[in-house]
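Note sheet for the following structure.
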Amino acid sequence: HGDMPTLTIDIFRKIWSLRNDGAILPLHNGIPGHPILVSKPCLMQAIQRPNVTNMRQALLMGAHYSVEIENAEIILDIDTPDDFITAQKRYTKI
């Protein structure tokens, strides 16, 4: 996950250990994070849902489990140049 550089193997292992037939949607202090884990049947249902604007919305309509994760790193997602600059300021040691 190149746009989520602070994710650790421990975060992936924790989410993987919770896998089931639905979607695992991690949260940190109630803020949606990454990575999500989706079973194939759940994904197939989600992509067929009409009138949704994003995948998270589609997944919330089906079997899903929101899981609170203690690591704040799950909410850092670098999608824009501004996101990159903000992350760089936060994680660059002076």
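Take 2 as the starting number for the sequence shown in our numbering and just add one per residue.
Glycine residues also receive a C-beta, built at the ideal position from the N, C-alpha and C atoms.
Note that the structure is a prediction, hence the values are computed from the model and not measured.
{"Check": "Beta-carbon gap between Ile79 and Ala88 smaller than 8 angstroms", "Outcome": "yes"}
{"Check": "Neighbourhood of Phe13 by C-beta, 8 angstroms cutoff - its chain only, sequence neighbours within 5 removed", "Outcome": "Pro36"}
{"Check": "Cβ neighbour criterion (16 or more within 10 Å) applied to Ala47", "Outcome": "buried"}
{"Check": "Rounded straight-line distance, which links the Cα of Leu38 to that of Asn21", "Outcome": "9 angstroms"}
{"Check": "Test: Ile10 CB closer than 8 angstroms to a CB of chain D", "Outcome": "Absent from the structure is chain D; it holds one protein chain and no more."}
{"Check": "For Ala47, three-class secondary structure by DSSP", "Outcome": "helix"}
{"Check": "Between the CA atoms of Met5 and Phe85 - distance to the nearest angstrom", "Outcome": "10 angstroms"}
{"Check": "Ordered list of alpha helix (DSSP H) runs contained in the region 28–90, each at least 4 residues", "Outcome": "41–48, 56–61"}
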